[in-house]
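Enquirer:
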Amino acid sequence: MKPTNSPKTYRVKSFGCQMNVYDGERMAEMLGERGIVPAPEGEDADLVVLNTCHIREKAAEKVYSDIGRLTKGKTQDKAPMIAVAGCVAQAEGEEIMARAPAVSMVVGPQAYHRLPEMLDKAVQGERATDTDMPAIAKFAALPERKRTNPASFLTVQEGCDKFCTYCVVPYTRGAEISRPYGDLVTEARKLVDAGAKEITLLGQNVSAWSGEDDKGHAVGLAGLIRDLAKVDGLARIRYTTSHPADMDDDLIAAHGEIDKLMPFLHLPVQAGSDRVLKAMNRSHTAESYLRLLERFRAARPDLALSGDFIVGFPGETDAEFEETLKLVDAVGYAQAFSFKYSPRPGTPAASMEGQVAKEVMDERLQRLQAALNRDQWAFNRATEGRTCEVLVERKGKHPGQWLGKTPWLQSAWFEGDVGIGDLVQVELVEAGPNSLAGRLRECVAA
Ligand code: 5AD
Ligand code: SF4
948 MKPTNSPKTY RVKSFGCQMN VYDGERMAEM LGERGIVPAP EGEDADLVVL
998 NTCHIREKAA EKVYSDIGRL TKGKTQDKAP MIAVAGCVAQ AEGEEIMARA
1048 PAVSMVVGPQ AYHRLPEMLD KAVQGERATD TDMPAIAKFA ALPERKRTNP
1098 ASFLTVQEGC DKFCTYCVVP YTRGAEISRP YGDLVTEARK LVDAGAKEIT
1148 LLGQNVSAWS GEDDKGHAVG LAGLIRDLAK VDGLARIRYT TSHPADMDDD
1198 LIAAHGEIDK LMPFLHLPVQ AGSDRVLKAM NRSHTAESYL RLLERFRAAR
1248 PDLALSGDFI VGFPGETDAE FEETLKLVDA VGYAQAFSFK YSPRPGTPAA
1298 SMEGQVAKEV MDERLQRLQA ALNRDQWAFN RATEGRTCEV LVERKGKHPG
1348 QWLGKTPWLQ SAWFEGDVGI GDLVQVELVE AGPNSLAGRL RECVAA
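Just so you know, we're using the working numbering here: the sequence shown kicks off at 948 and counts up by one.
1. Below 7 Å CB to CB, which residues in the same chain sit around Ala1393 once its five sequence neighbours on both sides are set aside?
2. Assuming Leu1101 and Ile1029 form a contact by the criterion Cβ under 8 Å, report the distance between their Cβ atoms to the nearest whole angstrom.
3. If you compare alpha carbons, which of Val1010, Tyr957, Tyr1011 and Gly1072 is closest to Asp993?
4. Looking at the structure shown, is Phe1361 part of a helix, part of a strand, or coil, going by DSSP?
5. With DSSP collapsed to three states, give me the class of Ala1393.
6. Below 8 Å on the Cβ atoms is my contact criterion, and I expect Leu1356 with Phe1243 to pass it. Report the Cβ-Cβ distance as a whole number of Å.
7. Please classify Asn967 as buried or exposed, where buried requires at least 16 neighbouring CB atoms within 10 angstroms.
8. Can you tell me whether DSSP reads Tyr1118 as helix, strand or coil?
9. With DSSP run on the structure shown, which of helix, strand or coil describes Phe1243?
10. With distances taken from each beta carbon to the nearest heavy atom of the ligand 5AD, which residues come in below 6 Å, in chain order?
11. Output the residue ranges of the alpha helix (DSSP H) runs that lie fully inside the segment 1018-1104 and measure 4 residues or longer, sorted by chain position.
12. Considering only heavy atoms of the ligand SF4, list every residue whose Cβ is less than 6 Å from one of them, following chain order.
13. State the CB to CB distance for the pair Phe1260 and Met1227, rounded to an integer number of angstroms; the pair is presumed to be in contact (CB under 8 Å).
14. Buried or exposed: where does Thr1133 fall if 16 or more other Cβ atoms within 10 Å of its Cβ makes it buried?
15. What is the DSSP secondary structure of Asp1261, counted as helix, strand or coil?
16. List the whole-angstrom C-beta distance separating Val1339 from Gly1366, where the pair is believed to meet the contact cut-off of C-beta under 8 Å.
17. Decide yes or no for the touch test of the segment 1110-1124 against the segment 1218-1237: beta carbon pairs closer than 8 Å, at least 3 of them.
18. Is the distance from the Cβ of Lys1207 to the Cβ of Arg1183 below 7 Å?
19. Please report the residue range of the alpha helix (DSSP H) in which Leu1171 lies.
20. Starting from the C-beta of Ala1026, find all residues in its chain whose C-beta is less than 8 Å away, skip the five residues before and the five after it, and write them out in chain order.
21. By the 10 Å Cβ neighbour count, where 16 or more other Cβ atoms means buried, how is Lys1352 classified, buried or exposed?
22. Would a C-beta distance cut-off of 7 Å place Leu1089 and Arg973 closer than the cut-off?
23. Sorted by chain position, which residues of the same chain lie with C-beta nearer than 8 Å to Phe1286's C-beta, five sequence neighbours on each side aside?
24. So, are the CB atoms of Glu1263 and Gly1219 less than 7 Å apart?
25. Quick one: what's Phe1256 bridged to in DSSP?
26. Flag this pair as touching only if the segment 1185-1194 and the segment 1339-1348 have three or more C-beta atom pairs under 8 Å; answer yes or no.
27. Between the alpha carbons of Gly1293 and Met1299, how many angstroms are there, rounded?
28. Using three-state DSSP, classify Trp1324 as helix, strand or coil.
29. Does the structure place the segment 1045-1063 close enough to the segment 1072-1088 that three or more beta carbon pairs sit under 8 Å?
30. Are the CB atoms of Gln965 and Leu1149 nearer to each other than 7 Å?
31. In the DSSP output, which residue or residues are listed as bridge partners for Trp1349?
32. For a test of the three-state rule: what should DSSP assign to Tyr957, helix, strand or coil?
33. Under a three-way DSSP split, which group does Gly1158 fall into?
34. Would you call the CB atoms of Val1373 and Leu1387 closer than 7 Å?
35. Return the CA-CA distance between Lys1137 and Ala1047, expressed in angstroms with no decimal places.
36. Enumerate in chain order the residues of its own chain whose CB-to-CB distance from Leu1295 is below 6 Å, with the five nearest sequence positions on each side excluded.
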């Protein structure tokens, strides 16, 4: 390959989970350190990073069609330099290099701190792949946080040791690692200095986070949250995603004790049938999950609950699916995510007998989503008439309109003289299925 010009502008396209959003921001920061700037809206970028997701569906095909779109009709000196990052890069890096000559760099989720070196090579016309997994080294090598949103993400834990039989994450993100306590407190302070009012602690299995505090005491996620709550200027803390097996008493108690910890819990259950849960290797039953939620609700009665569901896991019968609907009725989720089972290469479930027909999955998903939407709207209606704190995140569609999040992670829109990052009191006036219309009461803090 012949040398190319150094890119002057970039665009990072992140797909999938919030951790990819976080990784995408950190890659953008590294490119920024190099003097490469974000491409203006509507203009082609010199360098495009496709930060991919492998959790469901034809993820790899999507990458190839994105690459095709980026290079279509363009000569070599006009086409952007392309980097493929994220979990598809980790899982299928070599194939991507072989199949897509337009790709200069393939970089896995634990290796993207090496993107600048790879870029130097790419400018010399050398293609590079890095799918090593030195997770902690990555964080140490990243630049300091200087810019952020009022609602920011902070990765505290990566990887997963749970090996649910349908899931690729243990293979693409690797074994569970916890970032050190001190690094997290420092990064949280930097985020607050840069304007963050809310921090969501991220991890594939975030409740498995463990570390040693500055006095050398062993602490879990609740201990970390307690100490982050002491950071001046930080108003709200959230965490996601948790596994029911790792929710300890201390974390439950934290929901009742720490005002800054928002009344929201995302706790995936996946299915309501104990036989299916066992085949998924989930290590909880429907009953143990419900009992756990009761304990959280006892600690924080206004807790909003969220979950993840998979319909059509291999072998799932109609009657077993009905048990999922029964569980949904019993919980009353404030919001939830639901998916059709998607066989992932290399996972045990992909080769299980009894793969469920697409039409059956479609029908189950529709019924499940109807129930979840019904409950989400009911939850929103139950908050009508309340006045609560809203964090202003962005402008709305109409002039003078703003959009923010309630403590229960609902979207609320309202009009008034406020700015992004303000924490304001809003009366929730009218609930819709996905958001609420509100009325500004008074400004609490800028
Ligand atoms: N098929 C469908 N959904 C999946 N998820 C993970 N793997 C699969 C799969 N193979 C869902 C789970 C998980 C969420 C992040 O994605 O519900 O909690
Ligand atoms: Fe995947 Fe979550 Fe199960 Fe880990 S706990 S294997 S990330 S679904």
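Note that the Cβ used here is the ideal one computed from N, Cα and C, for glycine as well.
Expert: This is what the structure holds:
1. Its pLDDT being 46, under 50, Ala1393 is placed unreliably in this model, and the value from its coordinates should be taken loosely. Excluding positions up to five away in sequence, the list reads Asp1369.
2. Going by Cβ atoms, the distance from Leu1101 to Ile1029 rounds to 29 Å, so no, they are not a contact pair.
3. Selection Val1010, Tyr957, Tyr1011 and Gly1072 evaluated against Asp993 yields Tyr957 as nearest (Cα-Cα).
4. Residue state, collapsed to three classes: strand.
5. In this prediction, Ala1393 has a pLDDT of 46, which is less than 50 and means its spatial position is unreliable; nothing more can be read from the coordinates.
6. That belief does not hold up - the Cβ atoms of Leu1356 and Phe1243 are roughly 15 Å apart, past 8 Å.
7. buried
8. If DSSP states are grouped into helix, strand and coil, Tyr1118 belongs with the helices.
9. helix
10. Ile1002, Arg1003, Tyr1113, Cys1114, Pro1215, Gln1217, Asp1255, Ile1257, Phe1286, Tyr1288, Ser1289 and Arg1291
11. The DSSP assignment places complete alpha helix (DSSP H) segments of no fewer than 4 residues inside the segment 1018-1104 at 1033-1046, 1062-1070 and 1082-1088, in order along the chain.
12. Cys1107, Lys1109, Phe1110, Cys1111, Cys1114, Val1116, Pro1117, Gln1151, Asn1152 and His1190
13. Going by Cβ atoms, the distance from Phe1260 to Met1227 rounds to 6 Å, so yes, they are a contact pair.
14. exposed
15. Note on residue identity: the sequence assigns Pro, not Asp, to residue 1261. Here Pro1261 carries a coil assignment [DSSP, helix/strand/coil].
16. Confirmed, about 7 Å.
17. yes
18. yes
19. Leu1168 to Leu1175
20. Excluding residues within five positions, the ones whose Cβ falls inside 8 Å are Leu1017, Thr1018 and Ala1049.
21. buried
22. yes
23. Arg1003, Asp1255, Phe1256, Ile1257, Val1258 and Leu1312
24. no
25. Paired residues: Gln1217 and Ser1285.
26. no
27. 12 Å
28. The answer is helix: DSSP assigns Trp1324 an H, G or I state.
29. yes
30. yes
31. Lys1342 and Phe1361
32. strand
33. In this structure, Gly1158 counts as strand in the three-state DSSP scheme.
34. yes
35. 39 Å
36. The question names Leu, but residue 1295 in the sequence shown is Pro. By the criterion of a C-beta distance shorter than 6 Å, Pro1295 is surrounded in its chain by Thr1112, once the five residues flanking it on both sides are discounted.
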